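J.:
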Amino acid sequence: MKTRRFGRTNWQVSEVGYGMWGLAGWTGSDIEEVNKSLDRSVELGCNFFDTAWGYAEGKSEEILGGLLRRHKETTLYAATKIPPKNFTWPSKSHFKIEDCFPADHIVEYTEKSLRNLKVEQIDLQQFHVWEDAWADRDEWKMAIEKLTKEGKVAHWGVSVNRWEPNNCLQTLETGLISSVQVIYNIFDQNPEDQLFPLCKKLDVGVIARVPFDEGSLTGLMTYETTFPANDWRSTYFVPENLISSVDHANALKPLVPEGMDLPEMALRFILSNPDVGTIIPGMRKIKHVESNTATSDGNGLSTALVEELRAHRWERQPTSWSQ
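Using UniProt numbering, you'd call the opening residue of the sequence shown number 1 and step up by one each time.
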């Protein structure tokens, strides 16, 4: 596994990290299989794990805490997130910071995450939604400065709303944020326009999430794909999105190089961009851990193929179902 410097933290993080949303609260999750997959990822060099209190109300954090204790002798970076106080994803432009991140809420949920992870300090604590209109408000600044001074959090980050990569630029300029987590993949290339250049200027680490576009870039979805009613994807892949997603994925398949599959091409596209610090695909099975981490071998896609894939940029706007 190759590593990259993660912005001003100076951490050397694995190019392929571990997204832990799907490990708790999704259908098909088996805790024994999950733990074996996590352990295997550590064996293969993965050292960056991204979770959130909002992933099954702390259950995913507890799973990560178990991993940290099983591998005490290995340097692993734990990133989690504070849910908005109104528990609404995504945030809306009219939400006030009092609705989402008043100071006492930031402190309360940081304490909860510390207990769930069973650690004395969180490596990276992130805001699970964000509005750049909050950049100049003092509440969140005072809270994070307090928690940092107390040694409870090493670094702070923001997780940007879906398809709104620029909704954090002023916040990054405050100098209080060490990382930004954003959707970036073959379809969602918008972060390259303004966000990535600013992160490079300010030495802010970039976490690329949703590398497979919630599954469409695996190439396994069809027009008939359905999900159980209690699975989050059932509300995301509504007919209008499912049809378009399959159409866009099918258009990519002729470009997949010989000996590669669509998921590998999707990851290598992201790794071909040096502005990205780490990618956090969701991985519930050992075979996915092994195939995803294998893409971190220093071999990106050819310049010609990357340019071809740029033509598959898909401009999308937030909707009622795109949480």
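For every residue, glycine included, the Cβ atom is placed at its ideal position computed from N, Cα and C. All figures in this text were calculated on a predicted structure; none of them were measured in a lab.
(1) Give me the DSSP bridge partner(s) of residue 112.
(2) Hey, residue 298 and residue 2 are a contact pair by Cβ (cut 8 Å); roughly how many whole angstroms apart?
(3) When you compare only the Cα positions, how much space is there between residue 81 and residue 257?
(4) Beta-carbon within less than 8 Å of residue 315's beta-carbon, same chain only, minus the 5 sequence neighbours each way: which residues are those?
(5) When the Cα of residue 162 is compared with those of 177, 175, 131, which residue comes out closest?
(6) Under 8 Å, with one C-beta from each stretch per pair, do the stretch 282–290 and the stretch 32–39 reach the 3-pair mark?
(7) Rounded to a whole number of angstroms, what is the C-alpha to C-alpha distance between residue 100 and residue 74?
(8) Tell me the DSSP secondary structure of residue 50 in three-state form.
(9) If you run the structure through DSSP and keep just helix, strand and coil, what is residue 40?
(10) Report, in whole angstroms, the separation of the C-beta atoms of residue 211 and residue 267, which I expect to be a contact under 8 Å.
(11) To the nearest angstrom, how far is it from the Cα of residue 194 to the Cα of residue 160?
(12) When the Cβ atoms of the stretch 114–128 are set against those of the stretch 174–184, are three or more pairs found closer than 8 Å?
(13) Write down the C-beta distance between residue 17 and residue 205 rounded to the nearest angstrom, noting that I regard them as a contact closer than 8 Å.
(14) Are residue 43 and residue 271 close, meaning C-beta to C-beta below 8 Å?
(15) At what residues does the alpha helix (DSSP H) containing residue 261 begin and finish?
(16) Just list the residues that DSSP pairs residue 81 with in beta bridges.
(17) Can you tell me the Cα-Cα spacing of residue 40 and residue 114, whole angstroms?
(18) Using the three-state DSSP reduction, which class does residue 236 fall into: helix, strand or coil?
(19) Please name the residue in 21, 11, 10, 9 whose C-alpha comes closest to that of residue 280.
(20) Enumerate in chain order the residues of its own chain whose CB-to-CB distance from residue 109 is below 7 Å, with the five nearest sequence positions on each side excluded.
(21) Whose C-alpha, out of 230, 229, 234, is nearest the C-alpha of residue 221?
(22) Would you please state the rounded distance, in angstroms, between the beta carbons of residue 65 and residue 152? I believe it to be under 8 Å.
(23) Near residue 245, which residues of its chain fall below 6 Å by C-beta distance, leaving aside the five closest residues on each side in sequence?
T.: In short, the structure shows the following:
(1) Paired residue(s): none; residue 112 is not in a bridge.
(2) The pair is a contact, with the Cβ atoms about 6 Å apart (cut-off 8 Å).
(3) Spanning the two alpha carbons is a distance of roughly 37 Å.
(4) Here the set comprises 190.
(5) The shortest Cα separation from residue 162 among 177, 175, 131 belongs to 131.
(6) Yes, the stretch 282–290 is in contact with the stretch 32–39.
(7) Between the alpha carbons of residue 100 and residue 74 lies a distance of about 35 Å.
(8) Under the three-state reduction of DSSP output, residue 50 falls in the strand class.
(9) When secondary structure is reduced to three states using DSSP, residue 40 falls in the helix class.
(10) Indeed, because the Cβ distance is near 6 Å, the residues count as touching under 8 Å.
(11) Put simply, the backbone Cα of residue 194 is about 13 Å away from that of residue 160.
(12) With a cut-off of 8 Å, the stretch 174–184 and the stretch 114–128 count as touching, because enough Cβ pairs lie within range.
(13) Contact flag wrong, Cβ pair sits at about 11 Å.
(14) Inclusion of residue 43 and residue 271 in the CB contact set at 8 Å is not warranted, their separation being larger than that value.
(15) DSSP places residue 261 in no alpha helix (DSSP H); its state is neither H nor E.
(16) DSSP, once it has assigned bridges, lists 126 as partnering residue 81.
(17) C-alpha of residue 40 to C-alpha of residue 114: approximately 24 Å in a straight line.
(18) In the displayed model, residue 236 falls within a helix according to three-state DSSP.
(19) Sorting 21, 11, 10, 9 by C-alpha distance to the C-alpha of residue 280 places 21 at the top.
(20) Here the set comprises 53, 82, 83.
(21) Answer by Cα proximity: 234.
(22) Contact flag wrong, Cβ pair sits at about 15 Å.
(23) Here the set comprises 216.
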